[in-house]
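Heads up, the sequence shown is in my numbering, so the first residue is 1 and it goes up one at a time.
Backbone N, C-alpha and C define an ideal beta-carbon position, used for all residues, glycine too.
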Amino acid sequence: MTHRHEPALSDRPTAPPPDRSSAPRSETVTLPVTGMTCAACQARVQRELEKTDGVEDAAVNLLLDSATIRFDPARTSPERLVEAVRATGYGAELPWAAPDLAQEEAERDRQAEAEYRTLRAKSLVSLGLGLLAMLAAPPPVAALAMTVFVMLWAGRHFYVRAWQAFRHHAADMNTLIAVGTGAAFVSSVLATLAPGFFTSRGVPADVYYEAVILILALILLGNTLEARARRRTSAALRALTRLQPATARVIRDGAEVELPIAAVSSGDIVVVRPGERIPADGEVTEGASAVDESMLTGESLPVEKVPGSGVFGGTINATGAFRYRATTLGAASALARIVKLLREAQASRAPLQRLADRISAVFVPTVISIAIATFVAWYLLADQAPAVRAFTSAVSVLIIACPCAMGLAVPTAIMVATGRGAELGLLIKGGVALERIRALDTVVLDKTGTVTEGKPAVTDIVALGGSGEDELLALAASLEALSEHPLATAVVAAAKARGLVLRPAEQFRALPGHGARGAVAGRDVAVGNRAMMLEAGLDPAPLDDPAARLAAAGKTPMYVATAGALAGLVAVADPLRPTAREAVAELRAMGLEVILLTGDHRRTADAIAREAGIERVMAEVLPQGKVAELKRLQAEGRVVGMVGDGINDAPALAQADVGIAMGTGADIAAEAGDVVILRGDLRGVARAIRLSRSTVATMRQNLFWAFIYNVIGIPVAAGVLYPVWGIRLSPVLASAAMALSSVSVVTNSLRLKHASE
1 MTHRHEPALS
11 DRPTAPPPDR
21 SSAPRSETVT
31 LPVTGMTCAA
41 CQARVQRELE
51 KTDGVEDAAV
61 NLLLDSATIR
71 FDPARTSPER
81 LVEAVRATGY
91 GAELPWAAPD
101 LAQEEAERDR
111 QAEAEYRTLR
121 AKSLVSLGLG
131 LLAMLAAPPP
141 VAALAMTVFV
151 MLWAGRHFYV
161 RAWQAFRHHA
171 ADMNTLIAVG
181 TGAAFVSSVL
191 ATLAPGFFTS
201 RGVPADVYYE
211 AVILILALIL
221 LGNTLEARAR
231 RRTSAALRAL
241 TRLQPATARV
251 IRDGAEVELP
261 IAAVSSGDIV
271 VVRPGERIPA
281 DGEVTEGASA
291 VDESMLTGES
301 LPVEKVPGSG
311 VFGGTINATG
321 AFRYRATTLG
331 AASALARIVK
341 LLREAQASRA
351 PLQRLADRIS
361 AVFVPTVISI
371 AIATFVAWYL
381 LADQAPAVRA
391 FTSAVSVLII
401 ACPCAMGLAV
411 PTAIMVATGR
421 GAELGLLIKG
431 GVALERIRAL
441 DTVVLDKTGT
451 VTEGKPAVTD
461 IVALGGSGED
471 ELLALAASLE
481 ALSEHPLATA
491 VVAAAKARGL
501 VLRPAEQFRA
511 LPGHGARGAV
521 AGRDVAVGNR
531 AMMLEAGLDP
541 APLDDPAARL
551 AAAGKTPMYV
561 ATAGALAGLV
571 AVADPLRPTA
581 REAVAELRAM
591 GLEVILLTGD
601 HRRTADAIAR
611 EAGIERVMAE
621 VLPQGKVAEL
631 KRLQAEGRVV
641 GMVGDGINDA
651 PALAQADVGI
661 AMGTGADIAA
671 EAGDVVILRG
681 DLRGVARAIR
691 LSRSTVATMR
701 QNLFWAFIYN
711 VIGIPVAAGV
721 LYPVWGIRLS
731 PVLASAAMAL
741 SSVSVVTNSL
751 RLKHASE
């Protein structure tokens with residue numbers, strides 16, 4: 001049954017979803033990639049994947065050792081993509097799928113911890129041997145043995161990867177390290193085994209064993225610190241995956257059985273007791289409780305759950321015990337989808353990354369050319385020991401130019417920022433979105449479910465005569481309990497919230513477009529609009545003034561009559577979100593224009609806009625009209641962000657420069673927007689913009705220092721300061737500076753963990 005009163009609350013005329021049946025079907029896979037050590041490696045894998053047939057988009061991430069690829073399954077497959085990566089000389093495997101989130105993340109943690117421990121051991125042992133070789137000055141043969149040990153054990157992977165790159169007609173950071181240390185080692189071996197070769201030519205038979213060991217040690221130390229930083233940047237992701245319990249209590253053959261989460265099937269009845277985490281998504285079948293969903297959605301208050309309510313894996317049951325039917329498991333669960341989107345976001349590239357990629361593509365060949373030129377210049381121009389000085393200067397150029405910092409500059413910022421966004425209740429889908437949000441100058445807000453709560457609630461009660469508010473509300477709710485209309489539901493909810501007793505209604509009749517009539521405790525009761533009162537022979541004049549005032553405020557006045565006389569008004573409205581006014585004020589303070597775009601009546605829209613502090617309103621706009629309005633704003637040169645619920649507003653979210661979806665753990669509108677505000681708090685828009693501005697500033701700082709470091713460091717290593725100030729940079733100092741540059745980039749990015757506070 002339906003009946004209703006004017007004006008309508010909904011600002012969302014139902015529109016069919018866009019037809020995507022003819023759209024190409026794409027799939028996404030994230031492949032673990034091994035062997036990448038610098039931006040040149042990353043760029044080479046990226047180029048190979050992008051030119052592979054069937055690949056629509058690829059994002060290779062040096063920090064995560066991964067490649068996220070969107071492809072057409074009709075033209076290629078994950079197996080072929082693995083082969084494409086391997087063809088570049090790097091390792092790749094099909095992704096490992098664990099039966100549950102916790103196990104998968106535990107495996108990732110185990111691998112990351114193993115990598116960190118291995119690098120730490122190699123760096124510390126190498127550093128100890130290097131210091132021993134430098135301070136104790138052991139015999140050349142002993143120093144040779146120590147160097148061979150470090151090169152074969154701690155630094156072997158540098159030489160293996162450099163050879164692989166050479167076989168594939170490429171060069172990367174490993175090439176620079178291998179050529180530099182290899183040249184120093186070969187020269188030292190010759191000086192040890194055949195010193196006369198040097199002395200007969202007037203050149204000292206110097207050895208550089210300690211330099212080779214210390215160079216490898218410092219590079220490994222930098223890699224160790226990077227691995228440690230990777231573990232820190234993934235903290236938010238690990239916290240999400242640990243929300244899922246390892247086991248669930250399931251009813252099997254009439255008895256409770258505790259099973260691993262991977263053994264739970266869709267349709268199983270799961271038992272949850274007070275204080276326990278909910279194992280999987282589902283629907284309550286028996287019992288009632290309040291559930292703390294803050295870890296998933298950010299909502300601070302527990303959510304009441306009754307039969308028919310949805311529950312989500314990872315949330316905490318607060319009070320009562322209940323049973324529910326498991327419905328969504330594994331990768332399809334709300335928690336798993338959030339984790340997947342966050343992983344994809346962390347693995348994505350920002351537009352600024354393209355600059356680093358273009359430079360990295362020509363960087364290593366350019367550095368090798370500079371090193372050769374440095375050797376020739378010193379050999380020809382040095383006043384003494386030209387061969388030695390030429391050699392050490394060329395090695396310093398090769399070592400200091402390792403482009404680690406360049407490769408880490410953007411990915412580290414994206415990883416930390418997306419993790420910080422998750423902590424703030426923001427799911428930012430990738431580097432492109434993260435970089436683009438900062439440019440917004442106009443924010444368009446949908447009304448229902450965005451600026452308002454999205455569900456009607458009783459806001460005012462006006463009682464006539466001797467009737468009290470509770471008595472009036474109880475009569476109206478007793479009648480409306482038989483109606484299915486949303487406004488009737490709001491009246492009943494308000495009565496229950498006050499603890500009022502509802503009495504059975506009889507002879508119920510719904511009057512479409514007017515209201516409803518019936519009998520409550522033997523008294524005739526009518527609830528409806530003004531026209532219904534007139535048809536019933538009642539004079540609504542005594543309530544016209546308060547009704548007009550309420551309507552002007554965007555509320556729906558419902559007249560209540562009993563026993564043939566007016567009893568009062570019950571006003572229902574979609575209330576403003578508690579933080580909406582503050583959110584609008586924040587956006588305006590940041591210099592953005594805020595516009596309310598809604599399909600609702602002009603009077604209702606204006607009332608909500610006034611309450612929220614919004615000056616510009618576009619009302620009575622249908623969904624297809626919203627897209628046209630956004631296009632018009634964009635034609636004016638505006639950069640527009642659209643904030644909506646991600647369902648009926650999907651076309652407008654897609655049209656906007658940045659689509660921002662209001663979501664919950666139940667439906668995070670994953671396909672609708674570039675950003676999802678998990679907490680349903682409109683202040684998330686301003687937080688996202690501030691986070692974007694901080695992140696882009698950090699990316700630019702990282703790239704600036706990475707580039708400037710090489711622009712300054714390479715000439716210094718080549719010896720341009722020597723003629724004036726007598727300054728030369730040894731290979732050992734060059735390796736320390738190279739490691740420090742990578743650590744500084746990671747440390748600068750980690751500052752984003754406190755952004756948007």
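Report the partner residues of residue i according to the DSSP bridge assignment.
i, result
"V33", "A92"
"T366", "T366 pairs with nothing; no bridge assigned."
"N61", "S66"
"A457", "A573"
"I428", "V675"
"Y559", "G528 and L569"
"L259", "A248"
"V55", "F71"
"M618", "L597"
"G515", "L511 and G528"
"A463", "G568"
"T452", "L576"
Could you tell me whether the Cβ of residue i comes closer than 8 Å to any Cβ of chain B?
i, result
"A481", "In the displayed structure, chain B is absent; only one protein chain is listed."
Consult DSSP for residue i and reduce its assignment to one of helix, strand or coil.
i, result
"F508", "strand"
"D446", "strand"
"A417", "helix"
"P13", "Only weak support exists for where P13 lies, its pLDDT of 34 falling under 50; the value from the coordinates is given anyway. Coil at P13, not helix or strand."
"D681", "coil"
"M590", "coil"
"K753", "helix"
"G599", "coil"
"V264", "coil"
"G659", "strand"
"R503", "coil"
"R523", "strand"
"T28", "strand"
"G644", "strand"
"S742", "helix"
"P540", "coil"
"Q46", "helix"
"R4", "Since pLDDT at R4 reaches only 39, below the 50 mark, its modelled position is unreliable, and no value is offered."
"V639", "coil"
"Q384", "coil"
By Cβ distance below 6 Å, which residues in the same chain neighbour residue i in space, the five residues on each side in sequence not counted?
i, result
"T224", "L119, R120 and S123"
"R517", "R509 and A526"
"Y208", "A184 and S188"
"G298", "Residue confidence for G298 is low, a pLDDT of 38 falling below 50, so the modelled location carries little weight and cannot support an answer."
"P73", "E27"
Once the 5 residues before and after residue i are set aside, which same chain residues still bring their CB inside 7 Å of it?
i, result
"V284", "K305, V306, P307, G308, S309, V311, F322 and Y324"
"A563", "R523 and D524"
"R75", "D53 and G54"
"L511", "H3, R517, G528 and M532"
Who are the near neighbours of residue i in its chain, counting only those whose CB is closer than 8 Å to its CB and skipping five residues on each side?
i, result
"A319", "As written in the sequence, residue 319 is Thr, which differs from the Ala given in the question. Same-chain partners within the cutoff: P274, S289, A290 and P302."
"A23", "With a pLDDT of 43 at A23, under the threshold of 50, the modelled position of that residue is not reliable, and no figure is offered here."
"L752", "A413, V416, A417, R420, L691, S694, T695 and T698"
At least 3 beta-carbon pairs within less than 8 Å: the segment 574-581 vs the segment 497-508: no
Segments assigned beta strand (DSSP E), at least 3 residues, entirely inside the segment 64-92: 66-71
Start-end ranges of the alpha helix (DSSP H) lying completely within the segment 179-222, minimum 4 residues: 196-199
Whole runs of the alpha helix (DSSP H) within the segment 267-328, excluding any shorter than 4 residues: The segment 267-328 contains these whole alpha helix (DSSP H) runs: 294-297.
Given 8 Å, three or more beta-carbon pairs between the segment 156-165 and the segment 184-194: Output reads no: the segment 184-194 does not touch the segment 156-165.
Completely contained beta strand (DSSP E) runs for the segment 126-151, where each covers 3 or more residues: Counting only runs of 3 or more, we get nothing.
The segment 603-621 contacting the segment 457-474, beta-carbon criterion three pairs below 8 Å: The segment 603-621, when compared against the segment 457-474, does not touch it at the 8 Å Cβ threshold.
Inter-stretch contact (C-beta, 8 Å, three-pair minimum) for the segment 602-613 and the segment 438-455: yes
Given 8 Å, three or more beta-carbon pairs between the segment 31-46 and the segment 84-94: yes
Inter-stretch contact at 8 Å, needing at least 3 Cβ pairs: the segment 717-731 / the segment 382-400: The segment 717-731 vs the segment 382-400: in contact.
Three or more C-beta pairs below 8 Å linking the segment 435-446 and the segment 587-598: yes
Three-pair Cβ contact test at 8 Å for the segment 169-179 versus the segment 360-379: Flag = yes, the segment 169-179 and the segment 360-379 touch.
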